[in-house]
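Be aware that the sequence shown starts at 2, since it is given in this note's numbering, and climbs by one per residue. Yeah, the Cβ is synthetic: ideal placement off N, Cα and C, and Gly gets one too. As the structure is a prediction and not an experimental result, all values here were calculated from the model.
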Amino acid sequence: MAVTQWILGGVLLLAAAAAVVSAVVRKAKKQGVVLTTQFQRTGGFLFRRREGGDQLRLRACTGRAGRRLFVAETGQLTFRLQQELTKGTGEVVLLDGEQELLRLDREHPTGTVTLAGETTYLLQWTFQKASGRCTLSW
Numbered sequence: 002m003a004v005t006q007w008i009l010g011g012v013l014l015l016a017a018a019a020a021v022v023s024a025v026v027r028k029a030k031k032q033g034v035v036l037t038t039q040f041q042r043t044g045g046f047l048f049r050r051r052e053g054g055d056q057l058r059l060r061a062c063t064g065r066a067g068r069r070l071f072v073a074e075t076g077q078l079t080f081r082l083q084q085e086l087t088k089g090t091g092e093v094v095l096l097d098g099e100q101e102l103l104r105l106d107r108e109h110p111t112g113t114v115t116l117a118g119e120t121t122y123l124l125q126w127t128f129q130k131a132s133g134r135c136t137l138s139w
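As structure tokens, then:
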């Protein structure tokens, strides 16, 4: 009897965990966040999506994260990367499929690119032993 209750409790716990993961995935897809993050080491990572920009706070992160960027109208967009990193490096790459359109880092914090309307692009963030805060605005 006790073994059956233990197994049933484990199944219910797994079902609850699956429901939570499913809800997080649905919310992330709705907000356009790409869930294929690849962090080798992370001590803390907070990603906030805002209208016309992104903001990240991180602590001891090495890895990559990305999100989809949908552009409604054809035109030029100017991207500005503000890094307040206490250590490490970070960069952002704007991709159209496999083609790199723009790369921003500490040496090149701004860039302008012409984007096609009704198109989805990928913003890919990469960090090496980084701590601090980064803001990308467009």
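With H, G and I counted as helix, E and B as strand and the rest as coil, what does DSSP make of residue 97? In the structure shown, the three-state DSSP call for residue 97 is strand.
If you check the beta carbons only, do residue 81 and residue 120 fall under 8 Å apart? Not a contact, by the Cβ cut-off of 8 Å.
Give a yes or no on whether 8 Å exceeds the smallest Cβ distance from residue 112 to chain B. In the structure shown, chain B cannot be found, because there is only a single protein chain.
Tell me, please, whether the stretch 97-113 touches the stretch 53-70 by the rule of three or more beta-carbon pairs shorter than 8 Å. Between the stretch 97-113 and the stretch 53-70 there are fewer than three C-beta pairs closer than 8 Å, too few to call the two in contact.
Kindly indicate which three-state DSSP category residue 85 falls into: helix, strand or coil? Here residue 85 sits in strand by DSSP.
Judging by CA-CA distance, which residue of 73, 53, 139 and 64 is the nearest neighbour of residue 92? Considering only alpha carbons, the answer is 64.
Between which residues of its own chain and residue 127 is the CB-CB distance below 6 Å, once the five residues before and five after are set aside? The answer, listed in chain order, is 65 and 92.
Apart from the five residues on each side of it in sequence, which residues of its chain come closer than 6 Å, Cβ to Cβ, to residue 133? Cβ within range, chain order: 85, 86 and 87.
Take residue 130 as the anchor and find which of 90, 76 and 75 has the nearest alpha-carbon. The shortest Cα separation from residue 130 among 90, 76 and 75 belongs to 90.
Can you list, in chain order, the residues of its chain whose CB lies under 6 Å from that of residue 77, leaving out five sequence neighbours each side? So the qualifying residues of the chain are 113 and 115.
What did DSSP end up calling residue 53 once you bin it into helix, strand or coil? If DSSP states are grouped into helix, strand and coil, residue 53 belongs with coil.
Can you tell me where the beta strand (DSSP E) holding residue 73 begins and where it ends? For residue 73, there is no enclosing beta strand (DSSP E), as DSSP gives it neither H nor E.
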